[in-house]
Amino acid sequence: MNKYIKIIVAALLILGGLYMMFFTRNLGWGIVVFLLSVLPIFLFFKNENILLAFWQLRKQDMIKASKFLNNIKNYKTELHKNQYGYYHYLQGLVLAQDHPTKVEPLMKKALEYGLNMKHDRAMATLNLAAGAISKGKKQEGQRLLEEAKRLDSAGMMADQIKMLKDQLKMPTMQKHMHNPNMRNRGKF
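36 is the number that my numbering gives to position 35 of the sequence shown; each next residue is one higher, with no gaps.
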């Protein structure tokens, strides 16, 4: 649903509640209708599909979370500007298990648009660090790991950061060095 339709519904509920309170003297129902206008205003700033996707991610149900995110057809018309980052962040988290190569651009977009919570920024940065390390970019991976460690003030991702740092310490094998006994072999 377009975000501006929610504001129109809220305005109609406010007007209906005021009409019921003052002109028809139904004070109780007028207050109820007036208070119901809070729901569309809340959903203007916090999209219902994003909230349901967060709920499904909390329950570790990636399929349902993906279904709720797919309900958002055009994120620029349906979401408030503050939620663009979370839309891309959730898309990245849902795709992380099945398609790890598609996660990096989504997390970059999420960080560009902005994430409000520090631990969400830390998780996005950690995913970017994992992508950089898997591509063999050690310096960029080290820098992103330090940033993720700085953002993770609660220490919730300490195990993942330690695991990636250990992965950084492992030597990388060059393409021509897989079998050292094959180096001196000739054509025949």
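Cβ coordinates follow ideal geometry from the N, Cα and C atoms, glycine included.
- For A155, the CB contacts under 7 Å within the same chain, skipping 5 residues up- and downstream, are H120 in chain order.
- Across the structure, G137 and K150 are spaced so that their CA atoms are roughly 20 Å apart.
- The beta carbon of L116 sits closer than 8 Å to the beta carbons of G86, Y87, Y90, R122 and A125 from its chain, once the five residues preceding and following it are set aside; these are given in chain order.
- Taking C-beta separations shorter than 8 Å and ignoring five residues to either side along the sequence, the partners of L107 in its chain run H89, Y90, Q92, G93 and L96, following chain order.
- Given a length threshold of 4 residues, the region 122–147 has no whole run of the alpha helix (DSSP H) inside it.
- Taking the Cα positions, M158 is about 12 Å away from E148.
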